[in-house]
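Chains as they are written, first to last, in the UniProt record's numbering: chain C, 1 to 154; chain X, 1 to 154. Heads up, the beta-carbon is just placed ideally off N, CA and C, and yes, glycines get one too.
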């Protein structure tokens with residue numbers, strides 16, 4: 001209580017924000033992306049936009065086929081370019097696009113966050129169906145296992 | 001992709017923010033409280049500050065003793081008054097203090113959120129020890145079971 005009494009509220013400033021977008025589901029990413037861009041513009045923060053090529057989504061024959069993988073990679077890159085353009089048009093100055101592969105929760109927690117080192121991670125979650133195995137429902141993994149602040153946006 | 005191409009980023013506005021503070025752990029609440037006040041001031045939003053009297057924390061004899069319960073209730077009310085004062089001093093105009101009882105995750109998800117109807121819920125999580133059974137470690141319950149956006153702040 002003494003510690004609280006001496007405390008003064010400090011404005012939180014974020015300099016690096018990471019937004020995870022689901023390449024298969026624009027709906028669950030929309031609010032989260034709006035939130036990420038709003039904060040990034042307000043704080044004049046760097047914005048990382050990451051999307052995961054979910055290799056588990058492809059069946060075993062497709063996943064062995066480098067052409068299918070390459071095609072998905074290109075699609076995701078193209079998608080991220082569009083997201084990046086939208087963020088810039090809105091007024092976010094410093095935008096980075098990141099493509100990665102694997103299980104979304106694990107790869108974001110173990111690879112993307114340690115490398116990009118955001119102050120805040122933002123993930124979108126579908127309101128209706130929380131059991132779908134996408135980056136949305138992987139949010140719990142990111143919340144539980146990463147060591148940074150995470151906003152789960154519905 | 002077509003839907004994304006036609007989309008424009010919209011600024012997210014929050015009008016009601018709920019911050020959950022742990023009455024036993026100022027440290028894990030500090031950053032979350034800073035974040036909540038920063039956003040509430042920026043958005044000129046109503047700020048609800050909730051703390052849960054964790055009845056499971058008291059042993060069975062204490063929990064049957066209305067005096068012990070009343071004392072804890074008074075302590076939590078006093079604590080919330082201090083938090084409320086800090087928020088107002090910082091510049092948050094509209095502050096509400098809410099005391100409730102039970103298991104933090106469940107009571108916040110099932111009672112406080114449906115009643116207060118926030119746009120965004122903010123919870124603090126202790127960085128070091130994520131298994132402690134406080135409102136911090138109850139964050140996952142709130143993230144998973146509530147139907148609003150939740151920021152888990154470390």
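Item	Value
Specify the secondary structure class of residue 12 of chain X as computed by DSSP and reduced to three states.	coil
Any beta carbon of chain X sitting closer than 8 Å to that of residue 82 of chain C?	yes
Residue 80 of chain C: which of C:91, C:15, C:96 and C:5 sits nearest, CA to CA?	C:96
Can you look up residue 84 of chain C in the DSSP assignment and give me helix, strand or coil?	helix
For residue 34 of chain C and chain X, any beta-carbon pair shorter than 8 Å?	yes
Please tell me whether residue 139 of chain C has its Cβ less than 8 Å away from any Cβ of chain X.	yes
Output needed in chain order: residues of the region 90–115 of chain C with a Cβ under 9 Å from some Cβ in chain X.	90, 91 and 92
Counting only Cβ pairs nearer than 8 Å, list the residues of chain X close to residue 30 of chain C.	7
Would you verify that the beta carbon of residue 144 of chain C is, or is not, closer than 8 Å to some beta carbon of chain X?	yes
Please look up how many angstroms separate the CB atoms of residue 83 of chain X and residue 33 of chain X, rounded, as I've assumed it's under 8 Å.	7 Å
Does residue 89 of chain X come out as helix, strand or coil in the three-state DSSP assignment?	helix
Could you give the C-beta distance for residue 153 of chain C and residue 29 of chain X, rounded to a whole number, given that I count them as a contact under 8 Å?	Contact flag wrong, Cβ pair sits at about 22 Å.
Among C:6, C:44 and C:21, which one has its Cα closest to the Cα of residue 122 of chain C?	C:21
Going by Cα to Cα distance, which pick from C:1, C:5 and C:26 is closest to residue 2 of chain X?	C:26
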